[in-house]
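By our numbering, the letter at position 115 of the sequence shown is numbered 182, and the numbering carries on one by one without gaps. Even for Gly, the Cβ is constructed at its ideal location relative to N, Cα and C.
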Amino acid sequence: MTHSLGPSPLLGRSSDDDDDDDVKLPAFRRYESQGVIRQISYYLSGEIVDPIQYTDLLYTLRTASATDLIFLHLNTPGGNFDTGLQIINNIAASDAHVITILEARAFSMGALIFLAGDELIVHDTCQLMFHNYSSASVGKGNEQAAQVMASRKWFDKVMRNVCRPFLTDQELERISKGEDIWLDTDDIRRRLLHLQKGEPAVRSRSSKSKAASAATDNGTAAKPSRKPRSSKPD
Numbered sequence: 068m069t070h071s072l073g074p075s076p077l078l079g080r081s082s083d084d085d086d087d088d089d090v091k092l093p094a095f096r097r098y099e100s101q102g103v104i105r106q107i108s109y110y111l112s113g114e115i116v117d118p119i120q121y122t123d124l125l126y127t128l129r130t131a132s133a134t135d136l137i138f139l140h141l142n143t144p145g146g147n148f149d150t151g152l153q154i155i156n157n158i159a160a161s162d163a164h165v166i167t168i169l170e171a172r173a174f175s176m177g178a179l180i181f182l183a184g185d186e187l188i189v190h191d192t193c194q195l196m197f198h199n200y201s202s203a204s205v206g207k208g209n210e211q212a213a214q215v216m217a218s219r220k221w222f223d224k225v226m227r228n229v230c231r232p233f234l235t236d237q238e239l240e241r242i243s244k245g246e247d248i249w250l251d252t253d254d255i256r257r258r259l260l261h262l263q264k265g266e267p268a269v270r271s272r273s274s275k276s277k278a279a280s281a282a283t284d285n286g287t288a289a290k291p292s293r294k295p296r297s298s299k300p301d
């Protein structure tokens with residue numbers, strides 16, 4: 068009778084069990100869910116008129132969800148202050164992500180609506196213009212004087228709430244005194260870039276002088292500003 072000197076095979080174990088030992092679990096597992104994201108576009112083109120004309124926009128802003136994207140395309144000379152302010156307040160109250168897009172020009176109240184967006188986009192050849200309000204009043208002299216004082220105080224407060232820090236306090240004061248502030252695409256993008264970096268929208272002359280002095284002390288001269296391109300005649 069012959070006896071084997073090698074190890075005896077394990078009972079009840081097949082080759083399939085060995086294959087199972089070689090199977091490795093994945094390092095991660097993928098799961099997917101789907102949701103509805105609405106993208107809604109409005110074009111504010113032309114003069115801003117009476118508030119009743121914008122109820123669809125206002126209702127959409129009020130009822131939108133946090134996953135909605137609302138695009139406001141702007142090309143307007145401005146217009147009704149009350150209408151613009153109602154749009155701005157509804158943008159602030161909206162759960163949606165509101166993107167304002169400057170596509171040509173936005174003057175007066177149009178400029179304020181542009182600044183009210185959660186995200187601001189500006190095309191290459193655009194303009195913003197900020198200025199003081201204009202109005203008419205009727206009534207007795209003391210009533211007109213009281214209205215002018217109240218309107219100016221209200222307007223200055225709106226400008227501070229909406230335009231800072233894009234505009235400086237000095238610029239807001241100039242506007243309050245009757246000066247117009249004009250900004251082209253380069254100015255707008257430069258200010259937005261400073262704000263994204265946590266810097267003031269407009270760097271003061273003293274800070275520029277300090278930066279130039281520091282560059283000189285370090286043995287490096289600041290690069291001269293590039294000569295602006297001349298615009299082609301129309």
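Local conformation of residue i per DSSP, three classes
i	result
Gly-146	strand
Arg-129	helix
Tyr-98	coil
Ser-204	coil
Ala-278	Residue placement at Ala-278 is poorly supported in this model, since its pLDDT is 47, which falls under 50; the coordinates still yield a value, given next. Ala-278 falls in the helix class under three-state DSSP.
Glu-246	coil
Arg-227	helix
Ala-173	strand
Thr-235	coil
Leu-139	strand
Thr-167	strand
Leu-152	helix
Leu-195	strand
Arg-241	helix
Lys-290	Residue confidence for Lys-290 is low, a pLDDT of 34 falling below 50, so the modelled location carries little weight and cannot support an answer.
Sequence-distant residues of its chain with Cβ nearer than 7 Å to residue i (five each side left out)
i	result
Ala-131	Ile-137, Ser-161, Asp-162, Ala-163
Ile-242	Phe-197, His-198, Asn-199, Met-226, Ile-248
Phe-222	Tyr-200
Asn-228	none
Phe-148	Met-176, Tyr-200
Gln-214	Ser-204
Residue i - containing beta strand (DSSP E), residue span
i	result
Ser-161	Per DSSP, Ser-161 belongs to no beta strand (DSSP E) and is neither H nor E.
Glu-186	186-189
Leu-111	106-112
Nearest to residue i (by Cα), restricted to the options the options
i	options	result
Thr-252	Val-90, Ser-218, Asn-157, Leu-169	Leu-169
Asp-117	Val-103, Gly-146, Leu-187, Asn-156	Gly-146
Gly-102	Ser-243, Thr-134, Ala-183, Leu-111	Thr-134
Ser-112	Tyr-98, Ser-218, Thr-167, Ile-104	Thr-167
Gly-151	Thr-192, Tyr-126, Ala-159, Ile-115	Ile-115
Ser-271	Ile-158, Val-189, Thr-235, Gly-177	Thr-235
Leu-182	Met-216, Leu-195, Leu-128	Leu-195
Leu-187	Arg-97, Glu-266, Arg-257	Arg-257
Residue i: first and last residue of the uninterrupted alpha helix (DSSP H) it sits in
i	result
Asp-253	252-263
Cutoff 6 Å; reference residue i; Cβ partners in own chain excluding five residues on either side
i	result
Asp-185	His-164, Val-165
Residues bridged to residue i (per DSSP)
i	result
Ile-180	DSSP, once it has assigned bridges, lists no residue as partnering Ile-180.
Ile-350	Look at the range of the chain in this structure, 68 to 301, and you will see that residue 350 is not part of it.
8 Å CB neighbourhood of residue i in its chain, flanking five on each side removed
i	result
His-140	Ser-108, Tyr-109, Tyr-110, Leu-111, Ser-112, Ile-168, Glu-170
Lys-294	Residue placement at Lys-294 cannot be trusted, given a pLDDT of 38 that sits under 50; the coordinates are not used to answer.
Ala-303	There is no way to answer for residue 303, as the model of the chain reaches only from 68 to 301.
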